[in-house]
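Counting in the working numbering, the sequence shown runs from 46 upward without gaps.
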Amino acid sequence: MKTCKRHYDALKILDNSFNNPIALGLIASIYFDIGEYQLAIECVSELLPNVEDLTKVLDPYKLIDMIDYLVQQGEIKFTEELCLDLLGKGPLLEEILVKKLGEIYLFKYSN
Numbered sequence: 046m047k048t049c050k051r052h053y054d055a056l057k058i059l060d061n062s063f064n065n066p067i068a069l070g071l072i073a074s075i076y077f078d079i080g081e082y083q084l085a086i087e088c089v090s091e092l093l094p095n096v097e098d099l100t101k102v103l104d105p106y107k108l109i110d111m112i113d114y115l116v117q118q119g120e121i122k123f124t125e126e127l128c129l130d131l132l133g134k135g136p137l138l139e140e141i142l143v144k145k146l147g148e149i150y151l152f153k154y155s156n
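Now the structure itself:
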């Protein structure tokens, strides 16, 4: 349903699936797609302690978009903590997160 741009219908179906990590990853992605950025980030925060490889439940590029959004909003400290928490949550993320942390530290110490 998400690919058909029926985000709200997909959210209704997934509404009672907050205990399922895969469903929660989908919910986070849908919230981000419809502009509910804070809700998406809360979903990701719920996933962190419960999922060993986050890339199995959430598209890594969507996660990077979330990190970029947080940096744009000036949430540097939270973004830094999020990235550090994400290290070790999937081999695909490791290289990308190291680059993102570099960008965050550059932004943090250049302002």
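Built from N, CA and C at the ideal position, the CB exists for glycine as well.
Every value quoted in this text rests on a predicted model; they were computed, and no experiment measured them.
Within the continuous alpha helix (DSSP H) that includes residue i, where are the two ends?
i    : result
V116 : 105–117
T124 : 121–131
What do you get for residue i, buried or exposed, if any count of 16 or more other CB atoms within 10 angstroms of its CB means buried?
i    : result
L103 : buried
K122 : exposed
S74  : buried
E140 : exposed
G119 : exposed
Y106 : exposed
V96  : buried
K101 : exposed
Y76  : buried
G133 : exposed
Quick check on this structure: which residue in the options has the alpha carbon closest to the alpha carbon of residue i?
i    : options               : result
D130 : Y150, K107, L93, L115 : L93
V116 : I79, D78, E148        : E148
V89  : L138, L127, L132      : L127
P136 : L99, E81, N64         : L99
K145 : E87, D113, L84, D78   : D113
Y154 : E125, I67, L84        : E125
I67  : Q83, E91, Y82         : E91
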